[in-house]
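A quick write-up on the structure given underneath.
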Amino acid sequence: PTIALQEMNDLAQAQVDATKQLHPPDTMLLPPTLYGYAAVTLMNTANPSGETVLSQFLKTQPYIRTVDWWRPLETAGATGGKRVICYKRDPKVAKVAIPMETVSNEPEHRGLKFIVPLEARYGGVIVKLPLAIRYLDVA
């Protein structure tokens, strides 16, 4: 448990150092398996106080306010492994480009079903400050 906690703290601190404290991270995304591990693993099993790795991290980390999970991170690493993302949740850092909102067209009757065609466009993620986003590939 202390190794996981140390790696999470090191990732957040590396981003603070890389941006010279201009863009400290406030959000960390974990793969669901690592999030589950951090959320239920007790820091001290000999003297259980109910303090998990995740609760200890959020209590002691001065920058991170939100830790959440995201399924695509299970295989997002460079070698197909797990990846952790640490970033500042701010439109000045990164934003999603949506050139066309979802539009639903008239329902079409096909056999005994009604099909409602949808149309949308997605432009990806625009990263404006690359140093304000940090990755950690986990073996």
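Residue numbers for the sequence shown follow this note's numbering, so the first one is 30 and each next one is one higher.
Glycine included, C-beta positions come from ideal geometry on N, C-alpha and C.
Problem set entry | Sub-8 Å separation of T48 and A161 beta-carbons | Walking along the sequence shown from the start, residue 48 turns up at place 19. Walking along the sequence shown from the start, residue 161 turns up at place 132. It is a contact, given that the beta carbons lie within the stated cut-off.
Exercise. Shortest alpha-carbon distance to N73 belongs to which of I114, A105, T31?
Worked result: In the sequence shown, residue 73 corresponds to position 44, counting from 1. Distances from the alpha-carbon of N73 to those of I114, A105, T31 put T31 closest.
Problem set entry | At least 3 beta-carbon pairs within less than 8 Å: the region 59 to 67 vs the region 97 to 106 | yes
Exercise. Taking the DSSP output, what are the residues bridged to M129?
Worked result: Residue mapping note: residue 129 aligns to position 100 of the sequence shown, counting from 1. Beta-bridge annotation (DSSP): M129 is paired with R150.
Problem set entry | Where E103 sits in the DSSP three-state scheme | Walking along the sequence shown from the start, residue 103 turns up at place 74. Three-state DSSP puts E103 in a helix.
Exercise. Leaving out five residues before and five after A107 in sequence, what residues of the same chain have Cβ atoms less than 7 Å from its Cβ?
Worked result: Position 78 of the sequence shown, counted from the first residue, corresponds to residue 107. These residues qualify, in order along the chain: D166.
Exercise. According to the neighbour-count rule (16 or more other Cβ atoms, all chains shown, within 10 Å of its Cβ), is Q85 buried or exposed?
Worked result: Here residue 85 refers to the residue found at position 56 when the sequence shown is read from its first residue. Buried: at least 16 other Cβ atoms inside 10 Å.
Exercise. Can you tell which of K111, R150, K142, F143 has the C-alpha that lies nearest to the C-alpha of E130?
Worked result: The residue labelled residue 130 in the question sits at position 101 within the sequence shown. Per the Cα distances, R150.
Problem set entry | Limits of the unbroken alpha helix (DSSP H) element including T31 | Here residue 31 refers to the residue found at position 2 of the sequence shown. From DSSP, the alpha helix (DSSP H) with T31 extends over 31 to 47.
Problem set entry | CA nearest to the CA of T89, picked from V125, D39, Y64, Q50 | Translated into positions along the sequence shown, residue 89 becomes position 60. T89 has its Cα closest to that of D39, out of V125, D39, Y64, Q50.
Problem set entry | Euclidean distance between Cα positions of D55 and P91 | If you number the sequence shown from 1, residue 55 lands on position 26. If you number the sequence shown from 1, residue 91 lands on position 62. The straight-line gap separating the alpha-carbon atoms of D55 and P91 is approximately 9 Å.
Exercise. How about E135 and I144: do their beta carbons lie closer than 8 Å?
Worked result: For this step, residue 135 is matched to residue 106 along the sequence shown. For this step, residue 144 is matched to residue 115 along the sequence shown. Cβ atoms of E135 and I144: not closer than 8 Å.
Problem set entry | R112 versus L141: straight-line alpha-carbon distance, rounded | Indexing the sequence shown from 1 puts residue 112 at position 83. Indexing the sequence shown from 1 puts residue 141 at position 112. Computed Cα separation, rounded: 45 Å.
Exercise. On the premise that K121 lies in contact with L158, defined as a C-beta separation below 8 Å, what is that separation, rounded to the nearest angstrom?
Worked result: Taking the sequence shown and counting its residues from 1, one reaches residue 158 at position 129. Taking the sequence shown and counting its residues from 1, one reaches residue 121 at position 92. At roughly 7 Å, the Cβ-Cβ gap stays under 8 Å, so L158 and K121 are in contact.
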